[in-house]
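First to last, the protein sequences are chains Y and X.
Using the numbering used here, the first residue of the first sequence is number 1, and each one after it goes up by one.
Using the numbering used here, the first residue of the second sequence is number 375, and each one after it goes up by one.
Just so you know, even glycine gets a beta-carbon here, dropped at the ideal spot from N, CA and C.
Being a predicted model, the structure only gives us computed values, none of them experimental.
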Amino acid sequence: MKRSSLLRIKGMIRKEWLQVIRDPSSIAIAFFLPLLLLLIFGYGVSLDAKHVPLALVIEHPGPQASSFSGGFFQSPYFAPVVMPSIQEAETALRQSKVDGIVWLRENFDRDYLQKMSPPISVLVNGVDANTARLVEGYVQGIWFGWLEQEAEQAGKKLRSSVQLEQRIWFNPQVRSTDFLVPGVLAVIMTLIGALLTALVIAREWERGTMEALLVTRISVLELLLGKLIPYFILGMGGLALSLVMAEFLFHVPLRGSLWLLLVTSALFLLVALGMGLFISTIVRSQFVAALVALVSTFLPAFILSGFIFDIQSMPLIIQGITHLIAARYYVSILQTLFLVGDVWSVVLPNSAALLIMALFFLGLVYRKTRKNLE
Amino acid sequence: MGHRILALLIKEFLALFRDKKSRMAVIVPPILQLLIFGYAATFDLEHASLAIFNEDSGAISRELIGRFQGSVGFKLIGYLQSDAEIGPLIDSKEALLVLHIAKQCSANLAQGDGCPVQVIIDGRNSNTAMLALNYVRSIVSDFNQEWVEQQATGTKLPAQLTLRAWFNPNLESRWFIVPGIIALLAMIVTLVVTALSVAREREAGTFDQLLVTPLRPWEVLIGKAMPGLIVGVGEASLIILFTVFWFRIPLVGQLTTLYPALIIYVLAIIGIGLMISSFSTTLQQALLGAFLFIVPAVTLSGFSTPIANMPPFMQMLTYLNPMRYFLTIVRRVFLEGAGLEYFWQDLWPMTIIAVVTLCMATWLFRHRMY
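Structure follows, in structure tokens:
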């Protein structure tokens with residue numbers, strides 16, 4: 001019994017494997033997709049604004065106005081452009097040629113010397129709120145630095161105040177690759193898992209070969225194992241490639257243990273494959289399965305996993321919904337294993353959640369498939 | 375000729391909407407996604423978990439802490455008693471950041487010395503870390519400014535800084551993200567309807583039957599493009615309604631300037647979708663092709679991270695991406711009220727992409743590789 005069962009599973013695996021080899025898109029999904037995604041995210045994505053184009057309008061270039069505006073030319077965050085009038089600067093802001101305006105009015109130097117506290121007007125384009133906020137912060141920094149410098153030159157000291165000392169743990173240089181690459185691994189594994197299996201059962205139904213399979217002596221469990229194992233191996237191959245790239249191309253430190261990383265990734269892959277099989281089993285039409293896979297994988301893993309957008313900042317209902325997204329748990333595990341180490345208080349609960357989801361999806365697939373046998 | 379195209383159109387719509395599951399799969403998810411992502415995708419920090427280790431007993435630290443408690447950005451989860459508690463709290467993600475106020479802070483300040491305040495932030499997600507740091511900085515610098523002015527009674531600071539943001543005065547990132555979702559979902563829906571529909575016919579073998587009918591290639595193109603156009607523009611209109619009436623994002627500009635851009639954008643996506651489907655013989659290949667386009671297109675569009683921050687080579691690649699142009703247009707029409715003269719430079723490259731991809735798709739119908 002046991003041996004014949006193994007034999008049937010082997011036959012099933014062989015059949016799937018032949019299908020994989022004959023339509024190379026599965027191999028492309030497992031190996032080309034991670035390559036492309038890692039290159040794009042590793043090199044292309046960053047939220048750190050640098051060289052922001054800024055219009056400087058200095059109506060009367062006196063010594064104070066010049067010393068203040070000098071700070072902008074030295075800052076790596078700005079690419080200042082001097083403009084003769086505020087009208088011209090506002091037109092440039094409207095045309096998106098600059099992202100902000102710093103405006104020193106004509107009487108700036110005079111009022112400064114007469115201690116009338118002249119205003120420095122800063123206008124930013126608020127459409128991209130995140131960048132606008134960063135720009136405001138940088139301008140404030142330059143302004144405060146200039147005030148201190150002026151006070152020092154006058155032989156006084158600016159009243160000392162709270163001095164903020166910042167420590168960013170785990171990623172002190174704030175390299176965004178170090179946090180993006182582990183996060184994008186979760187997106188990659190979600191895509192690989194679901195894309196590989198979303199169509200495989202629906203295809204059998206659509207082509208009528210499912211019935212041919214069902215009349216053989218193969219049991220549901222054997223059938224599912226035969227479907228799962230080849231794609232699991234492909235997915236792990238994709239993972240291996242991604243890990244090699246993360247380590248040797250992007251030099252993301254791996255502070256936790258590799259074994260734990262592999263085990264949790266295998267667990268996540270089971271969830272992703274299970275989800276794909278589930279879609280495939282429920283809808284039985286390749287077209288609809290492809291639609292569902294398209295909408296239910298990439299965007300949720302991208303937006304709801306905490307990979308780019310912070311989950312704690314979301315409204316409570318949405319936070320609840322993120323608990324249904326497997327990538328959320330995996331992102332948490334990956335970012336911890338890569339940047340912190342084996343922190344069990346993070347790894348264990350998240351792995352448990354993944355295990356439950358894997359059992360849930362695979363269990364559902366098992367039940368749904370058996371029903372159809374009867 | 376007209377009735378041939380009409381017949382094809384009827385067939386296409388039947389194929390798309392006859393089946394209840396496929397009808398649901400086309401119409402429902404975009405609205406659902408808009409509602410979920412519209413709330414989820416935000417760069418505004420809200421109730422980030424904050425723990426405080428206060429070694430000072432004076433009034434100043436209390437006032438500083440009060441400012442953090444009053445900010446919507448942070449949620450105070452507790453006070454620490456020792457240095458040793460900081461590590462585990464951050465490691466386990468219970469706290470995103472810890473504020474450590476040194477001994478004698480108030481006393482030092484009163485004597486004219488500085489008060490060091492250390493902020494320790496979990497950098498696992500460096501994006502959130504920078505966001506939190508920015509909030510901390512702005513609270514501390516407001517505090518400092520008032521402190522300095524309060525101490526030096528009578529004399530003001532030598533110069534004042536006034537900050538003002540145009541188009542989005544409260545700097546709400548939702549105003550930036552939600553119009554972006556219009557571009558995102560319009561692309562996905564259109565691509566799905568076009569790329570998958572031809573691939574399905576290829577796999578079923580009915581596409582060859584279509585090609586031997588008297589229909590000319592461009593008639594086939596129209597028949598295949600129209601459902602995508604109608605579904606894409608229709609779905610986008612629905613999302614625009616939600617954006618304006620549900621999310622209350624101000625629509626400053628004119629819909630009459632937005633719609634021509636939307637139609638050209640959808641046409642460009644249709645061209646790409648049809649090209650993908652001409653290269654694929656099975657649905658699996660089309661699905662892969664759709665993803666190979668969608669994922670880079672979303673990443674390199676400026677949807678979540680600004681294009682200006684990308685390295686020059688990646689910035690060059692974004693010029694090939696229709697989503698990049700439409701994203702800029704939709705945001706500018708919504709928030710800035712930009713008219714055609716302001717986004718012309720984004721409209722013409724998108725038009726060229728649409729013309730080129732549609733022509734290539736027509737050509738590929740007849741001259742496909744396999």
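Closer than 8 Å to chain X by CB, proline 315 of chain Y: At least one chain X Cβ lies under 8 Å of proline 315 of chain Y.
Coil, strand or helix - tyrosine 509 of chain X by DSSP: Of the three classes helix, strand and coil, the one that applies to tyrosine 509 of chain X here is helix, per DSSP.
Ordered list of beta strand (DSSP E) runs contained in the segment 402-446 of chain X, each at least 3 residues: List check, beta strand (DSSP E) in window: 422-428.
Within the segment 558-642 of chain X, ranges of the beta strand (DSSP E) (whole runs, at least 3 residues): Under the rule that a run must span 3 or more residues, no beta strand (DSSP E) segment is found entirely inside the segment 558-642 of chain X.
Same chain only: Cβ atoms within 7 Å of serine 242 of chain Y, ignoring 5 sequence neighbours per side: Answer for serine 242 of chain Y: Pro34, Leu38, Leu185, Ile188, listed in chain order.
For lysine 449 of chain X, the first and last residue of its enclosing beta strand (DSSP E): If you look at lysine 449 of chain X, you'll find it in the beta strand (DSSP E) that goes 448-453.
Cβ shell of methionine 275 of chain Y (< 6 Å), same chain only, five flanking positions each side left out: These residues qualify, in order along the chain: Ala194, Phe361.
Cβ neighbours of isoleucine 325 of chain Y in the same chain (closer than 8 Å, five flanking residues each side left out): Pro300, Ala301, Leu304, Ser305, listed in sequence order.
Beta carbon of arginine 706 of chain X nearer than 8 Å to that of tyrosine 716 of chain X: At the C-beta level, arginine 706 of chain X and tyrosine 716 of chain X come within 8 Å of one another.
Residue of Y:Leu225, Y:Leu196, Y:Tyr43 minimising C-alpha distance to methionine 245 of chain Y: The shortest Cα separation from methionine 245 of chain Y among Y:Leu225, Y:Leu196, Y:Tyr43 belongs to Y:Tyr43.
Proximal residues of chain X, C-beta to C-beta of tyrosine 329 of chain Y below 9 Å: Neighbours of tyrosine 329 of chain Y on chain X: none; closest Cβ ~12 Å, over 9 Å.
Minimum Cβ-Cβ distance from serine 265 of chain Y to chain X less than 8 Å: Serine 265 of chain Y is outside the set of residues whose beta carbon lies under 8 Å from a beta carbon in chain X.
Rounded separation between tryptophan 737 of chain X and arginine 590 of chain X - CA only: Rounded to the nearest angstrom, the two C-alpha atoms are 11 Å apart.
Euclidean distance between Cα positions of lysine 598 of chain X and arginine 203 of chain Y: So the alpha carbons of these two residues sit roughly 23 Å apart.
Cβ-based contacts, 7 Å cut-off: residues of the segment 531-562 of chain X near chain Y: Result list: Leu531, Pro532, Ala533, Gln534, Leu535, Thr536, Leu537, Arg538, Ala539, Trp540, Phe541, Asn542, Pro543, Leu545, Glu546, Ser547, Trp549, Phe550, Ile562.
Secondary structure of alanine 712 of chain X, DSSP reduced to three states: Taken through DSSP and simplified to helix, strand or coil, alanine 712 of chain X comes out as coil.
Sub-8 Å separation of methionine 314 of chain Y and alanine 414 of chain X beta-carbons: Judged by beta-carbon spacing, alanine 414 of chain X lies within the 8 Å limit of methionine 314 of chain Y, meaning their Cβ atoms are closer than that value.
Local Cβ density within 10 Å of phenylalanine 727 of chain X, reported as buried at 16 or more and exposed below that: A quick correction: the sequence has isoleucine, not phenylalanine, at residue 727 of chain X. The residue is buried, with at least 16 neighbouring Cβ atoms inside 10 Å.
Under 9 Å by beta carbon: chain X residues contacting lysine 50 of chain Y: Per Cβ cutoff of 9 Å: Ala682, Asn683.
Beta-carbon neighbours of glycine 137 of chain Y, restricted to chain X and to distances below 8 Å: By Cβ distance, chain X contributes Asn508, Arg511, Ser512.
Within 8 Å, strictly: CB atoms of glutamine 166 of chain Y and leucine 507 of chain X: Taking 8 Å as the cut-off, the beta carbon of glutamine 166 of chain Y is found closer than this to the beta carbon of leucine 507 of chain X.
Cβ-based burial, valine 215 of chain Y [other Cβ within 10 Å; buried from 16]: Valine 215 of chain Y comes out exposed.
The ligand FMN heavy atom lying under 7 Å from the CB of serine 121 of chain Y: No copy of the ligand FMN occurs in the structure displayed, which carries no ligand at all.
Inter-stretch contact (C-beta, 8 Å, three-pair minimum) for the segment 125-139 of chain Y and the segment 717-725 of chain X: In short, these stretches do not touch, since the Cβ pair count stays below three.
Contacts of glutamate 710 of chain X in chain Y (Cβ-Cβ under 9 Å): Residues of chain Y passing the Cβ test: Arg94, Ser96, Asn125, Val127.
Touching by the beta-carbon criterion (3+ pairs, under 8 Å), the segment 545-564 of chain X and the segment 654-663 of chain X: Result no; under three Cβ-Cβ pairs closer than 8 Å.
Pair within 8 Å by beta-carbon distance, threonine 617 of chain X and valine 672 of chain X: Inclusion of threonine 617 of chain X and valine 672 of chain X in the CB contact set at 8 Å is not warranted, their separation being larger than that value.
Secondary structure of alanine 79 of chain Y, DSSP reduced to three states: It is a strand residue.
Same chain, Cβ closer than 7 Å to leucine 373 of chain Y, neighbours up to 5 away in sequence not counted: In this predicted model, leucine 373 of chain Y has a pLDDT of only 49, less than 50, meaning its place in the structure is not dependable; the value taken from the coordinates is given anyway. Cβ contact annotation for leucine 373 of chain Y (same chain, cutoff 7 Å, sequence separation greater than five): Leu214, Val220, in chain order.
Residue-level contact to chain X via CB, arginine 8 of chain Y, 8 Å cutoff: Contacts with chain X at 8 Å (Cβ-Cβ) do not include arginine 8 of chain Y.
Beta-carbon neighbours of alanine 28 of chain Y, restricted to chain X and to distances below 7 Å: Residues of chain X passing the Cβ test: Leu662.
Min CB distance asparagine 499 of chain X to chain Y below 8 Å: Contact of asparagine 499 of chain X with chain Y is assigned, a C-beta pair being separated by under 8 Å.
CB-CB length for leucine 709 of chain X against phenylalanine 541 of chain X, believed under 8 Å: Contact between leucine 709 of chain X and phenylalanine 541 of chain X holds, since their C-beta atoms are separated by about 5 Å, short of 8 Å.
Per-residue DSSP class, three states only, for leucine 679 of chain X: It is worth fixing the name first, because residue 679 of chain X is threonine in this sequence and not leucine. It is coil, neither helix nor strand.
CA nearest to the CA of valine 572 of chain X, picked from X:Met600, X:Val522, X:Ile614: Its Cα nearest to that of valine 572 of chain X, the residue X:Met600 stands out among X:Met600, X:Val522, X:Ile614.
Contact set between asparagine 171 of chain Y and chain X, taken where Cβ atoms lie within less than 8 Å: Asparagine 171 of chain Y reaches chain X at Gly497, Arg498, Ser500, Ala503, counting residues in chain order whose Cβ is nearer than 8 Å.
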